[in-house]
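**Student:** So that we are looking at the same thing, I have put the structure below in structure tokens.
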Amino acid sequence: MKKTLALLLAVCMMVAVLAGCGGNKETAAPTEEATAPVEENVGAENAGAASGTFKIGGIGPMTGGAAQYGMAAMTGAQIAVDEINALGGPVQFEFRAEDDVNVADTAVNAYNTLKDWGMQVLVGAVTTTPCISVSAEAYNDRIFCLTPSASSTDVTAGKDNMFQMCFTDPNQGLSGAQYITENFPDAKVAVIYKNDDAYSVGIRDAFVGAMGDAVVYEGTFTEDTQTDFSVQVTAAQAAGADVVYLPMYYQPATVILTYAKSIGYAPTFIGVDGMDGILDQEGFDASLAEGVLVMSPFAATSTDELTVKFVEEYQNRMGQLPNQFAADGYDCVYAIYNALQAAGCTADMSNEELCDALISTFTSDSFSYSGLTGQGMTWSTVGEVTKLPMAFLIKDGVYTTP
Amino acid sequence: MVFFSYLISGISLGSVYAIIALGYTMVYGIAKMLNFAHGDVIMVGGYISFCAISYLSLPPAVAVLLAMVVCTVLGVLIEGLAYRPLRQAGSLAVLITAIGVSYFLQNAAQLIWGVTPKIYTSVVSFRLPNSLTRLGLSSEALVTVLSCVVIMVALTTFVNKTKMGKAMRACSEDKGAAQLMGINVNATISMTFAIGSALAAIAGVLLCSAYTTLLPTTGSMPGIKAFTAAVFGGIGSIPGAFVGGLLLGIIESMAKAYISTDLANAIVFAVLIVVLLVKPTGLLGKYVPEKV
Amino acid sequence: MKKLSGLKKTTKVDFATYLGVTLAFLIVYYRLQRGGLTNAMTSWLVPVCCFIVMAVSLNLVVGISGELSLGHAGFMSVGAFSGVVAGMSLRGAIPFTPVRLVVAILVGALFAAVAGVIVGVPVLRLRGDYLAIVTLAFGQIIKDLINCLLVGYDSKGLHIIFNLGKKTVADLHLEEGGVAIIKGAQGAVGIQKMSSFLAGYVLVMVTLVIVLNLIRSRTGRAIMAIRDNRIAAESVGINVTKYKMIAFVTSAALAGAAGALYGLNYGSLVSSRFDFNTSILVLVYVVLGGLGNIWGSVIGATVLYILPEALRQFADYRMLFYAIVLILVMLATNNPHLQQLAGTVAERFRGKKPARAGEGGQSHE
Numbered sequence: 296m297k298k299t300l301a302l303l304l305a306v307c308m309m310v311a312v313l314a315g316c317g318g319n320k321e322t323a324a325p326t327e328e329a330t331a332p333v334e335e336n337v338g339a340e341n342a343g344a345a346s347g348t349f350k351i352g353g354i355g356p357m358t359g360g361a362a363q364y365g366m367a368a369m370t371g372a373q374i375a376v377d378e379i380n381a382l383g384g385p386v387q388f389e390f391r392a393e394d395d396v397n398v399a400d401t402a403v404n405a406y407n408t409l410k411d412w413g414m415q416v417l418v419g420a421v422t423t424t425p426c427i428s429v430s431a432e433a434y435n436d437r438i439f440c441l442t443p444s445a446s447s448t449d450v451t452a453g454k455d456n457m458f459q460m461c462f463t464d465p466n467q468g469l470s471g472a473q474y475i476t477e478n479f480p481d482a483k484v485a486v487i488y489k490n491d492d493a494y495s496v497g498i499r500d501a502f503v504g505a506m507g508d509a510v511v512y513e514g515t516f517t518e519d520t521q522t523d524f525s526v527q528v529t530a531a532q533a534a535g536a537d538v539v540y541l542p543m544y545y546q547p548a549t550v551i552l553t554y555a556k557s558i559g560y561a562p563t564f565i566g567v568d569g570m571d572g573i574l575d576q577e578g579f580d581a582s583l584a585e586g587v588l589v590m591s592p593f594a595a596t597s598t599d600e601l602t603v604k605f606v607e608e609y610q611n612r613m614g615q616l617p618n619q620f621a622a623d624g625y626d627c628v629y630a631i632y633n634a635l636q637a638a639g640c641t642a643d644m645s646n647e648e649l650c651d652a653l654i655s656t657f658t659s660d661s662f663s664y665s666g667l668t669g670q671g672m673t674w675s676t677v678g679e680v681t682k683l684p685m686a687f688l689i690k691d692g693v694y695t696t697p
Numbered sequence: 054m055v056f057f058s059y060l061i062s063g064i065s066l067g068s069v070y071a072i073i074a075l076g077y078t079m080v081y082g083i084a085k086m087l088n089f090a091h092g093d094v095i096m097v098g099g100y101i102s103f104c105a106i107s108y109l110s111l112p113p114a115v116a117v118l119l120a121m122v123v124c125t126v127l128g129v130l131i132e133g134l135a136y137r138p139l140r141q142a143g144s145l146a147v148l149i150t151a152i153g154v155s156y157f158l159q160n161a162a163q164l165i166w167g168v169t170p171k172i173y174t175s176v177v178s179f180r181l182p183n184s185l186t187r188l189g190l191s192s193e194a195l196v197t198v199l200s201c202v203v204i205m206v207a208l209t210t211f212v213n214k215t216k217m218g219k220a221m222r223a224c225s226e227d228k229g230a231a232q233l234m235g236i237n238v239n240a241t242i243s244m245t246f247a248i249g250s251a252l253a254a255i256a257g258v259l260l261c262s263a264y265t266t267l268l269p270t271t272g273s274m275p276g277i278k279a280f281t282a283a284v285f286g287g288i289g290s291i292p293g294a295f296v297g298g299l300l301l302g303i304i305e306s307m308a309k310a311y312i313s314t315d316l317a318n319a320i321v322f323a324v325l326i327v328v329l330l331v332k333p334t335g336l337l338g339k340y341v342p343e344k345v
Numbered sequence: 041m042k043k044l045s046g047l048k049k050t051t052k053v054d055f056a057t058y059l060g061v062t063l064a065f066l067i068v069y070y071r072l073q074r075g076g077l078t079n080a081m082t083s084w085l086v087p088v089c090c091f092i093v094m095a096v097s098l099n100l101v102v103g104i105s106g107e108l109s110l111g112h113a114g115f116m117s118v119g120a121f122s123g124v125v126a127g128m129s130l131r132g133a134i135p136f137t138p139v140r141l142v143v144a145i146l147v148g149a150l151f152a153a154v155a156g157v158i159v160g161v162p163v164l165r166l167r168g169d170y171l172a173i174v175t176l177a178f179g180q181i182i183k184d185l186i187n188c189l190l191v192g193y194d195s196k197g198l199h200i201i202f203n204l205g206k207k208t209v210a211d212l213h214l215e216e217g218g219v220a221i222i223k224g225a226q227g228a229v230g231i232q233k234m235s236s237f238l239a240g241y242v243l244v245m246v247t248l249v250i251v252l253n254l255i256r257s258r259t260g261r262a263i264m265a266i267r268d269n270r271i272a273a274e275s276v277g278i279n280v281t282k283y284k285m286i287a288f289v290t291s292a293a294l295a296g297a298a299g300a301l302y303g304l305n306y307g308s309l310v311s312s313r314f315d316f317n318t319s320i321l322v323l324v325y326v327v328l329g330g331l332g333n334i335w336g337s338v339i340g341a342t343v344l345y346i347l348p349e350a351l352r353q354f355a356d357y358r359m360l361f362y363a364i365v366l367i368l369v370m371l372a373t374n375n376p377h378l379q380q381l382a383g384t385v386a387e388r389f390r391g392k393k394p395a396r397a398g399e400g401g402q403s404h405e
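In structure tokens:
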């Protein structure tokens, strides 16, 4: 009896929910059909000025443990979209962000939901593993993708439609190693990294490969053990490390800094771009991060006009300072906007035409983009971005240039 | 020397597990249910005390009390609304509801407090002399260990010496018989949830003081570990939860230090399996003969 | 008609289950071929099949054998990674994709079955919640171990390293043209998508045939006898460990097959996908579908996999709604008044007099 009831209820729920979906679809379908016939005669006039309303999709984790990254990137993208629409130019954007819970299959579902909506260009996915799965689908569908922050080389490997706004992990590890060799010769280096995270492992592999024997200690942690670092920090201290390299996001780094301070261990901590945001955490004691070097392309405390405006808007919406994820999301939308204009794309082009036009624009020598996370960024045919990393020293609670 | 600092960090980690495990084991002993939402009550406790300190500028002691009150109310509410109607249903039905409650709390917390981590200012304001900190002993660790011992002793006394404690033990043995003896079973179970949730609030404050970051998902992993600790020590047994929690923390710390940081969790769980194989009811669990 | 009504009730239910699944498949497949499904719906098909197999196989352990397992995703993980390794490394040996997919699924099932034996032998001595925590522990251990695994393939065959923090893909020493299949914590990447809805349907049917036939056989009756009263079962000479193992290992193998199908459906795969939460999720499918009720698991898995996707219109409140729905459904289905009402309705429907209260509605305990 109970089972019958359970199933009955479940089925009712299902029907109700699907009925809700159905409603949406009916309204969405005609617009798709309406645009379809126009597509046939755009081929001829495709070289003109860019115009029309483009549908931009976004995918990132917005619930669960990685929600902070997805939320930041998607909010950044939304701000850019709103700014562009407010300009009132011929190119307008519609933006829709979907949640992937940092899981590959949910990301593919989100991607297909966006495809049903009529997505023409994708900003995403924010995290690496979902991004690899989504880019495989997008490659087959010929939809252009620009990820704000999925930094593994596997994301772009073998897919010509996939571009990155962030540094690749090996690049970041190498530049970290280079910086340390130049500025801290003869230093003993310890590395603490997250062993079940592609981002952390990718940077560590390149970094340790380049540093060689200078690395005196390597400690790892995982998602399940990232609340306690007493062992790793104590061991780094015991190994006599005077530089500790932290290829990880700011959240575990905060715990490491706190513990190191509580036992009076004060080496030079060097963080990667994921470390950005450490100062913006509510309640963070900035003195903990005093003297920490962050190698990040973005600093919310920069005083250039673009950053100031963006930071203000982001604070209005989210009540806190943006981190590099938000800045990357913002830059993604503007880079696409610029490329669409450079290529003279119109919104009634098919996804494949758009994709090809954007690929050739992004990889052309004449195209470069300057935004929040760098000046004069260019993209290789692999989809990797070239921009300069900037090293910031945290002093009196703000980023300064060393 | 290094060994001692590993041991100390193990003990302080273990004490946090132990406090959470005490809450788990109390609820299990009386309600015979795995309350998977317990870890999320810890998270709520963390957020409440965070808000009290940062937004209302209350002194830490008041903040902790406030967190305890809120969590107690929350615990009793959860029990009354979500678990009590299922008293007669199978234990799995309650388990699934507990999971639903856990999802609910996590997502509600995300909507209320957002997804970016809050940095928790330690409620422990005094600092230990340098000679002690050099050994790896932080003031948070000291407070955690001390409160854990105090709570354990207080709980044991409460359960063994008071009338309410006796009622709890009776309910845990046989609910039907307890009811016949005039014990209000529902009130007793509510009381258990109240105590368990108040403990969760304390655990939340101590957990966040020691490990600083606070997220909607903060409670889940410590919750699972503490559940493991409770089983390790023999679920339903108060000293068992204490011993289990401490041992789990020490094993985790030692495994990280001397075997592999990657496999620390796997080693903890492997030890648990071995213990259960040798002693199927946990270290201090009672063996209950089966009736035909 | 006469012959049909002569069948046992359970047999009728079984045939109805096969028929229902096949009909549902045919309808969906027809619409899929005609382009009548949205992209989102198309992307649900394979994972739904995987999770149906997961739910049905877990039901064999939880509902039929009566043991609470919280580590079912661990077996899925073993199956997924071994299946992906087989699927990618046999590319040269078996060029025909469907055959390679079948081989990969079989490899996944085999490895998961081996894991099932390794876990089952010690674990099945324990009972109740202790068994639950040990299966949970095994799920965690499997996850951590796979994080340390490096597997690559070149013309010389498979290269496997168990990495404790210092090694990288370069240490596999792959020849030119070799591919790294599993890169430790980064998981498997660049997987060629092989799974299809048809394969999913076949796997669901195979699972149903295996599980339903097992339940209705002498072995199945022995397993259920152990569940209902272990001591009584033992006293009539039933080998408790043997029958529990049969249920446990079968279930693990099927979960492995589901894992392989799942793994080969996406471009990337990480072991953290198969954590405690996934095990719990499958358990929710089983309990909501009804313990011991196989067709219930099929529907439970389908509905609950699609539910969060269908709730996307609620944006930020999506998972909150999911949690509330979950709690309400559990409360409603266990409410004695509603149960009685449903019973009355069901009996009316069958043209019989309403059953007396208290006759139905008791759970398997």
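Residue numbers (the numbering used here), protein chains in the order written: chain A, 296 to 697; chain B, 54 to 345; chain C, 41 to 405. For glycine and all other residues, C-beta sits at the position ideal for the given N, C-alpha and C.
Which whole-angstrom value describes the C-beta separation of C:I221 and C:G192, a residue pair presumed to lie in contact below a C-beta threshold of 8 Å?
**Tutor:** Contact flag correct, Cβ pair sits at about 6 Å.
**Student:** Once the 5 residues before and after A:G692 are set aside, which same chain residues still bring their CB inside 6 Å of it?
**Tutor:** Closer than 6 Å at Cβ, skipping near neighbours: A581.
**Student:** Compute the distance between the beta-carbons of A:V351 and A:V416, then report whether it is under 8 Å.
**Tutor:** Note on residue identity: the sequence assigns Ile, not Val, to residue 351 of chain A. Contact: yes.
**Student:** With DSSP as the reference, label A:T563 as helix, strand or coil.
**Tutor:** In this structure, A:T563 counts as strand in the three-state DSSP scheme.
**Student:** Evaluate the contact criterion for the stretch 443 to 453 of chain A versus the stretch 616 to 629 of chain A: three or more CB pairs, one atom per stretch, below 8 Å.
**Tutor:** Output reads yes: the stretch 616 to 629 of chain A touches the stretch 443 to 453 of chain A.
**Student:** Anything in the stretch 290 to 323 of chain C with a Cβ closer than 8 Å to a Cβ of chain B? List those residues in chain order, please.
**Tutor:** Listed by position, the residues of the stretch 290 to 323 of chain C near chain B (Cβ gap below 8 Å) are F316, I320, L323.
**Student:** Does C:Y306 pass the burial test, meaning 16 or more other C-beta atoms within 10 Å, or should it be called exposed?
**Tutor:** Buried, since its Cβ has 16 or more Cβ neighbours within 10 Å.
**Student:** For A:G360 and C:G299, I'd like the C-alpha separation in whole angstroms.
**Tutor:** One C-alpha to the other measures close to 24 Å.
**Student:** At a Cβ threshold of 8 Å, is C:K49 touching chain A?
**Tutor:** No, its Cβ sits nowhere closer than 8 Å to a Cβ of chain A.
**Student:** Quick check: is the beta carbon of C:P162 nearer than 8 Å to any beta carbon in chain B?
**Tutor:** Taking Cβ atoms only, chain B reaches closer than 8 Å to C:P162, which makes this a yes.
**Student:** Our contact map puts B:G302 next to B:L337 with C-beta atoms below 8 Å; I'd like the distance itself, whole angstroms only.
**Tutor:** Rounded, the Cβ-Cβ distance is 17 Å, inconsistent with contact.
**Student:** I want to verify the contact list: residues of chain C whose CB lies under 9 Å from the CB of A:I351, in sequence order.
**Tutor:** Result: empty, since nearest Cβ-Cβ is about 17 Å, beyond 9 Å.
**Student:** Measuring straight from C-alpha to C-alpha, what distance separates C:L189 and B:T215?
**Tutor:** Rounded to whole angstroms, C:L189 to B:T215 spans 54 Å at the Cα level.
**Student:** Expressed to the nearest angstrom, what Euclidean distance is found between the alpha-carbon atoms of C:Y283 and B:L199?
**Tutor:** Answer to the nearest angstrom: the Cα atoms are 49 Å apart.
**Student:** Listed from N- to C-terminal order along the chain, which residues in the stretch 58 to 74 of chain B have their beta-carbon within a distance smaller than 7 Å of any beta-carbon of chain A?
**Tutor:** Within the stretch 58 to 74 of chain B, the residues whose Cβ lies closer than 7 Å to some Cβ of chain A are S58, Y59, S62, L66, listed in chain order.
**Student:** Please report the straight-line C-alpha distance between C:Y345 and C:I286, rounded to a whole angstrom.
**Tutor:** Approximately 28 Å, taken between the alpha carbons.
**Student:** Below 8 Å, can you find three or more Cβ-Cβ pairs linking the stretch 200 to 213 of chain B to the stretch 67 to 80 of chain B?
**Tutor:** Flag = yes, the stretch 200 to 213 of chain B and the stretch 67 to 80 of chain B touch.
**Student:** Tell me which residue opens and which closes the beta strand (DSSP E) that A:I438 is part of.
**Tutor:** Segment: none, A:I438 is in no beta strand (DSSP E) and carries neither H nor E.
**Student:** Taking just the CA atoms, how far does B:I172 sit from C:L185?
**Tutor:** For C:L185 and B:I172, the distance between alpha carbons rounds to 32 Å.
**Student:** Does A:I558 have its Cβ less than 8 Å from a Cβ in chain B?
**Tutor:** Yes - at least one Cβ of chain B is within 8 Å of the one on A:I558.
**Student:** For chain B, check one thing: does any of its Cβ atoms lie closer than 8 Å to the Cβ of C:D184?
**Tutor:** With 8 Å as the cut-off, C:D184 counts as an interface residue toward chain B.
**Student:** Name, please, each residue of chain A whose Cβ falls closer than 9 Å to the Cβ of B:R187.
**Tutor:** Near B:R187 (Cβ distances below 9 Å), the residues of chain A are I558, G559.
**Student:** Could you tell me which chain C residues have their CB closer than 7 Å to the CB of A:T408, listed as they occur along the chain?
**Tutor:** The contacting residues are A80, R352.
**Student:** Helix, strand or coil for C:L130 per DSSP?
**Tutor:** In this structure, C:L130 counts as coil in the three-state DSSP scheme.
**Student:** Between the stretch 472 to 486 of chain A and the stretch 535 to 546 of chain A, do at least 3 Cβ pairs fall closer than 8 Å?
**Tutor:** Yes, the stretch 472 to 486 of chain A is in contact with the stretch 535 to 546 of chain A.
**Student:** Using a Cβ-Cβ cut-off of less than 7 Å, give me the residues of the stretch 143 to 160 of chain B that come near chain C, in sequence order.
**Tutor:** Against chain C - using a Cβ distance shorter than 7 Å - the residues of the stretch 143 to 160 of chain B are G143, L145, A146, I149, T150, I152, G153, V154, Y156, F157, N160.
**Student:** Please check if any C-beta of chain C sits within less than 8 Å of the C-beta of A:I427.
**Tutor:** So, interface residue.
**Student:** What does the Cβ neighbour count give for B:L134, buried or exposed, with the cut at 16 atoms within 10 Å?
**Tutor:** Burial call: exposed.
**Student:** Using a Cβ cut-off of 7 Å, which residues of the stretch 81 to 105 of chain C contact any Cβ in chain A, in chain order?
**Tutor:** The residues in question are T82, S83, W84, P87.
**Student:** Is A:I354 helix, strand or coil when you go by DSSP?
**Tutor:** If DSSP states are grouped into helix, strand and coil, A:I354 belongs with the strands.
**Student:** Relative to the C-alpha of C:Y325, which candidate in B:F89, B:L75, B:L145, B:R180 has its C-alpha closest?
**Tutor:** Nearest of B:F89, B:L75, B:L145, B:R180 to C:Y325, Cα basis: B:L145.
**Student:** Would you kindly report the start and end of the unbroken beta strand (DSSP E) that includes A:A392?
**Tutor:** Run containing A:A392: 386 to 394, per the beta strand (DSSP E) assignment.
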